[in-house]
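Report on the following structure.
There are 2 protein chains.
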Amino acid sequence: MNDDLGLHRALIGVAGAREQLNTPVLVLDRAALDRNIASMAAYARARGVALRPHAKTHKSVEIARRQLAAGAAGVCCAKLGEAEALADGGIGSILVTSPVVSVPAIRRLVALAARIDELIVVVDHPDNVAALAAAAAAASAALAASVRPLDVLIDIDPGIRRTGVASAAAALELAERVRALPALRYRGVQMYCGLQQHIASFEERAASIGERTQYLQSILALLAEHGMPPAIVTGSGTGTHRIDAALSVLNEWQVGSYAFMDRQYFDCDLSGDGTTLFECALFVDARVVSANTPGMATLDAGFKTLAADGGPPRVVSGAPDGSAYHFMGDEHGLIVDPALKHVWRIGELVRLVTPHCDPTVNLYDGYHVFAGDVLEDIWPVSARGRSR
Amino acid sequence: MNDDLGLHRALIGVAGAREQLNTPVLVLDRAALDRNIASMAAYARARGVALRPHAKTHKSVEIARRQLAAGAAGVCCAKLGEAEALADGGIGSILVTSPVVSVPAIRRLVALAARIDELIVVVDHPDNVAALAAAAAAASAALAASVRPLDVLIDIDPGIRRTGVASAAAALELAERVRALPALRYRGVQMYCGLQQHIASFEERAASIGERTQYLQSILALLAEHGMPPAIVTGSGTGTHRIDAALSVLNEWQVGSYAFMDRQYFDCDLSGDGTTLFECALFVDARVVSANTPGMATLDAGFKTLAADGGPPRVVSGAPDGSAYHFMGDEHGLIVDPALKHVWRIGELVRLVTPHCDPTVNLYDGYHVFAGDVLEDIWPVSARGRSR
Numbered sequence: 001m002n003d004d005l006g007l008h009r010a011l012i013g014v015a016g017a018r019e020q021l022n023t024p025v026l027v028l029d030r031a032a033l034d035r036n037i038a039s040m041a042a043y044a045r046a047r048g049v050a051l052r053p054h055a056k057t058h059k060s061v062e063i064a065r066r067q068l069a070a071g072a073a074g075v076c077c078a079k080l081g082e083a084e085a086l087a088d089g090g091i092g093s094i095l096v097t098s099p100v101v102s103v104p105a106i107r108r109l110v111a112l113a114a115r116i117d118e119l120i121v122v123v124d125h126p127d128n129v130a131a132l133a134a135a136a137a138a139a140s141a142a143l144a145a146s147v148r149p150l151d152v153l154i155d156i157d158p159g160i161r162r163t164g165v166a167s168a169a170a171a172l173e174l175a176e177r178v179r180a181l182p183a184l185r186y187r188g189v190q191m192y193c194g195l196q197q198h199i200a201s202f203e204e205r206a207a208s209i210g211e212r213t214q215y216l217q218s219i220l221a222l223l224a225e226h227g228m229p230p231a232i233v234t235g236s237g238t239g240t241h242r243i244d245a246a247l248s249v250l251n252e253w254q255v256g257s258y259a260f261m262d263r264q265y266f267d268c269d270l271s272g273d274g275t276t277l278f279e280c281a282l283f284v285d286a287r288v289v290s291a292n293t294p295g296m297a298t299l300d301a302g303f304k305t306l307a308a309d310g311g312p313p314r315v316v317s318g319a320p321d322g323s324a325y326h327f328m329g330d331e332h333g334l335i336v337d338p339a340l341k342h343v344w345r346i347g348e349l350v351r352l353v354t355p356h357c358d359p360t361v362n363l364y365d366g367y368h369v370f371a372g373d374v375l376e377d378i379w380p381v382s383a384r385g386r387s388r
Numbered sequence: 001m002n003d004d005l006g007l008h009r010a011l012i013g014v015a016g017a018r019e020q021l022n023t024p025v026l027v028l029d030r031a032a033l034d035r036n037i038a039s040m041a042a043y044a045r046a047r048g049v050a051l052r053p054h055a056k057t058h059k060s061v062e063i064a065r066r067q068l069a070a071g072a073a074g075v076c077c078a079k080l081g082e083a084e085a086l087a088d089g090g091i092g093s094i095l096v097t098s099p100v101v102s103v104p105a106i107r108r109l110v111a112l113a114a115r116i117d118e119l120i121v122v123v124d125h126p127d128n129v130a131a132l133a134a135a136a137a138a139a140s141a142a143l144a145a146s147v148r149p150l151d152v153l154i155d156i157d158p159g160i161r162r163t164g165v166a167s168a169a170a171a172l173e174l175a176e177r178v179r180a181l182p183a184l185r186y187r188g189v190q191m192y193c194g195l196q197q198h199i200a201s202f203e204e205r206a207a208s209i210g211e212r213t214q215y216l217q218s219i220l221a222l223l224a225e226h227g228m229p230p231a232i233v234t235g236s237g238t239g240t241h242r243i244d245a246a247l248s249v250l251n252e253w254q255v256g257s258y259a260f261m262d263r264q265y266f267d268c269d270l271s272g273d274g275t276t277l278f279e280c281a282l283f284v285d286a287r288v289v290s291a292n293t294p295g296m297a298t299l300d301a302g303f304k305t306l307a308a309d310g311g312p313p314r315v316v317s318g319a320p321d322g323s324a325y326h327f328m329g330d331e332h333g334l335i336v337d338p339a340l341k342h343v344w345r346i347g348e349l350v351r352l353v354t355p356h357c358d359p360t361v362n363l364y365d366g367y368h369v370f371a372g373d374v375l376e377d378i379w380p381v382s383a384r385g386r387s388r
């Protein structure tokens with residue numbers, strides 16, 4: 001971990017630590033995080049749905065533990081390296097939601113499967129199914145013992161053309177290949193509707209998910225007809241979980257961002273009635289480093305500390321209402337008072353809501369965990385940078 | 001460093017290592033890097049300009065050493081944490097190009113100044129000048145010995161409103177304050193024309209820099225009139241160094257991206273006659289993880305491995321000519337053959353040129369350094385994430 005986090009450790013337990021920290025820092029409101037985790041867990045439990053939160057959002061062993069303690073069945077990871085990092089921290093049940101295809105990566109996958117309770121991986125191509133089966137069989141032979149088969153889900157493309165099989169027939173064909181290979185175990189299907197998550201209007205989002213779910217149901221029926229009803233039907237996200245709950249087709253949810261929330265999700269009506277379901281638990285605290293023009297100031301956070309794919313962050317404190325942040329390159333941002341009057345002092349703190357939580361978290365080595373203005377702890381971003 | 005880099009170390013010295021690496025990887029063509037470093041060094045030497053390459057681009061002790069070995073006077077850093085990381089690696093002369101303003105950061109700055117040969121920091125505000133002087137004086141008193149004063153440059157805003165004083169009068173006033181404080185030493189001025197660097201047309205870029213340089217000259221004249229001719233006049237960048245050379249006002253250059261190049265700079269005419277001045281030395285190697293639609297495929301590199309602020313990367317190999325990359329979220333990208341015909345196999349490698357090198361480098365723990373297809377070494381991104 002970085003030396004500057006070492007310096008910050010001396011401030012753990014200190015009230016008013018916020019002012020004494022070097023910036024920018026990734027700030028986690030622990031109480032809000034815990035309430036978000038509890039709220040989603042209770043909602044899924046009441047609906048009879050298994051929760052497998054997506055750890056690509058937080059990349060944190062500590063947060064995964066809290067989600068499991070609240071009843072989650074396991075976690076999801078986007079990449080194998082992320083799964084390895086969480087396994088190193090003791091997380092025992094992991095679904096890898098992207099195909100693992102290269103020779104070196106499949107070798108790591110098989111090694112990981114041997115050391116945790118449950119490892120499931122998605123497949124979307126016959127070549128990959130063959131390669132996984134060969135590697136799992138070879139590992140079994142090398143141990144001169146029968147090892148547990150490798151658990152797989154058939155990944156179904158909801159129309160994004162990102163990953164997943166492209167048709168019901170292709171899903172069936174791939175499931176049949178898996179069934180024929182003793183080194184693999186068919187566990188079910190995944191269909192993640194990524195494009196729908198951020199449709200701002202609840203009604204439009206619900207209409208689109210309804211249509212996609214009919215497609216999914218046609219695949220489930222076909223699989224059942226051929227003696228392969230899926231045990232696991234996983235998908236959903238923070239944006240669509242209320243809609244997926246009403247449709248009752250998915251039995252596992254991969255929700256991720258609900259734990260933190262971000263500007264993109266606050267721009268969406270998640271509940272359908274305008275009520276806010278989750279609190280903002282994640283912030284970036286930045287500092288004014290230059291203030292030579294009335295009505296504006298320069299912050300020490302830019303592209304290297306706020307992922308830019310989601311547009312600008314939202315300003316929540318340290319500035320007049322309505323103040324806007326504008327990216328000013330790799331290291332800086334400009335904050336502008338709409339009245340063009342406010343005068344900032346250099347060194348002042350400004351709190352921002354991240355535009356898109358996942359890639360922003362990936363820029364930091366640690367979470368600064370606060371209870372009110374007391375720095376409670378610094379949690380490592382355990383899988384930071386583990387993108388392979 | 002990440003465990004997966006540990007796995008990759010076993011491949012050092014291996015020809016054809018590229019195929020055996022987990023992806024995505026940040027690939028450095030060592031010979032191209034060395035030629036870029038030598039070329040810029042020779043050009044600056046011939047013009048009598050001191051070179052102080054900006055390490056915010058590479059964040060690497062190893063690359064900074066190569067720049068120093070080629071004759072650089074020192075390096076620039078954007079943030080104090082970056083400077084600390086390079087100092088830990090033995091880099092002895094550093095200019096911090098953004099103001100350092102908070103109480104904890106000023107404490108670190110003074111500590112860093114005491115342990116390297118030369119540390120210079122920019123100032124743009126009287127409050128910051130007072131705070132730096134107080135901290136430097138206190139450090140001196142604590143040691144009960146006279147320590148070297150803290151070196152400062154007056155930062156001049158070229159009209160961006162990011163950092164820097166806003167007028168010639170403000171520059172003079174700030175320089176006079178510095179001169180009056182024995183704990184500080186006035187070394188000169190900085191004016192970095194960030195907005196001009198990426199103007200695609202050489203002529204338009206030259207016209208804009210010409211106008212800004214007249215403004216700078218008016219400030220230099222005023223400072224000289226008051227007995228403070230600056231020893232250092234620093235600025236320039238990869239985009240404008242040829243223009244700055246012709247104008248002969250800057251005596252130090254902060255060029256950074258020339259070492260690697262990126263898609264944004266390849267889109268600019270850097271020479272004025274269409275000739276390419278520097279080679280592409282930096283790439284991202286990604287892999288096809290899904291290929292269920294003819295004419296397109298999904299790569300394992302998205303927002304977490306390619307900074308999105310500069311638009312999409314350019315495709316250089318592993319795909320038909322004219323193939324384009326499109327971001328597909330945090331973990332993936334889509335590559336599309338313009339003829340919509342090519343069929344990729346899963347596991348195939350595709351080489352990309354980064355859209356914007358600086359924030360992309362900051363996403364990786366290490367450079368995979370290649371000579372041809374032999375993996376020569378893995379160099380740490382020493383200051384990765386050191387944004388405070």
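So the protein sequences, as listed, match chains U and F.
Heads up: the first sequence is residues 1 to 388, going by the working numbering.
Heads up: the second sequence is residues 1 to 388, going by the working numbering.
Ideal Cβ placement from N, Cα and C applies to all residues, glycine included.
It should be emphasised that the depicted structure is a prediction, and the values quoted were computed from it without experimental measurement.
- Chain U places no beta carbon closer than 8 Å to that of GLY16 of chain F, leaving this residue out of the contacts.
- Under DSSP, MET296 of chain F forms a beta bridge with F:THR293, F:VAL336.
- The Cβ atoms of ALA135 of chain F and ILE106 of chain F lie closer than 8 Å to each other.
- Around the beta carbon of LYS341 of chain U, fewer than 16 other beta carbons lie within 10 angstroms, which makes this residue exposed.
- Nearest CB-CB separation between LEU277 of chain U and chain F: not below the 8 Å threshold.
- Secondary structure within the segment 34-76 of chain U: the alpha helix (DSSP H) runs of 4 or more consecutive residues, fully enclosed, are 61-69 (chain order).
- For THR360 of chain F, the enclosing alpha helix (DSSP H) starts and ends at 357-361.
- For GLN20 of chain U, the chain F residues whose Cβ falls inside 9 Å of its Cβ are SER102, VAL103, PRO104, in order along the chain.
- In this structure, ARG45 of chain F and GLY71 of chain F form a Cβ contact; the two beta carbons are roughly 6 Å apart against a cut-off of 8 Å.
- At a cut-off of 8 Å between C-beta atoms, GLY318 of chain F does not count as an interface residue with respect to chain U.
- With a cutoff of 8 Å on beta-carbon distance, ARG351 of chain U and SER317 of chain U are scored as near each other.
- Contact residues of the segment 350-367 of chain F toward chain U are HIS356, ASP358, PRO359, ASN362, LEU363, TYR364, ASP365 (C-beta to C-beta distance below 9 Å).
- Chain F has a Cβ within less than 8 Å of the Cβ of HIS125 of chain U.
- If you draw a straight line from the Cα of SER39 of chain U to the Cα of VAL75 of chain F, it is about 50 Å long.
- Nearest C-alpha to ASP273 of chain U among U:SER146, U:ILE243, U:VAL255, U:GLN264: U:ILE243.
- Going by DSSP, PRO380 of chain U is part of the beta strand (DSSP E) stretching over 374-380.
- Straight-line spacing of the CA atoms in ASP377 of chain F and ALA133 of chain F works out to 43 Å.
- Put simply, the CB of VAL315 of chain U is far from chain F, with every gap to its CB atoms at 8 Å or more.
- The DSSP assignment places 75-77, 93-96, 118-123 as complete runs of the beta strand (DSSP E) inside the segment 72-149 of chain U, in order along the chain (cut-off: 3 residues).
- DSSP, reduced to helix, strand and coil, places ALA371 of chain U within a strand of the structure shown.
- Between the alpha carbons of ARG212 of chain F and HIS125 of chain F lies a distance of about 21 Å.
- Between ALA286 of chain U and LEU299 of chain U, the C-beta gap is smaller than 8 Å, which places the two residues in contact.
- Separation of ASP151 of chain F and THR163 of chain F (C-alpha to C-alpha, rounded to the nearest whole angstrom) is 18 Å.
- Approximately 17 Å separates the beta-carbon atoms of GLN197 of chain U and VAL249 of chain U; this is outside 8 Å, ruling out the contact.
- Chain U places a beta carbon closer than 8 Å to that of LYS79 of chain F, counting this residue as a contact.
- Cβ contact annotation for ASP269 of chain U (same chain, cutoff 6 Å, sequence separation greater than five): PHE202, in chain order.
- The three-state secondary structure of PHE260 of chain F, taken from DSSP, is coil.
- LEU26 of chain F sits in a strand when the DSSP states are folded into three classes.
- Close to chain F, meaning a Cβ-Cβ distance shorter than 8 Å, are the following residues of the segment 324-353 of chain U: PHE327, MET328, GLY329, ASP330, GLU331, HIS332, LEU334, ARG345, ILE346, GLY347.
- Listed by position along chain U, the residues whose Cβ is nearer than 8 Å to that of VAL165 of chain F are ASN292.
- Beta-carbon to beta-carbon, VAL121 of chain U and LEU109 of chain U are separated by about 6 Å, close enough to satisfy the 8 Å threshold.
- Of all alpha-carbon atoms in F:ILE219, F:THR240, F:GLY227, the one lying nearest the alpha-carbon of SER208 of chain F is that of F:THR240.
- Its chain contains PRO338 as the residues whose beta carbon lies nearer than 6 Å to that of GLY322 of chain U, once the 5 sequence neighbours on both sides are disregarded; these appear in chain order.
- A Cβ-Cβ separation of about 7 Å places PRO313 of chain F in contact with VAL284 of chain F under the 8 Å criterion.
- Neighbours of MET296 of chain F in chain U, taken as residues at a C-beta separation under 9 Å, are given in chain order as ARG161.
- DSSP links THR234 of chain F through a beta bridge to F:GLN190, F:GLU252.
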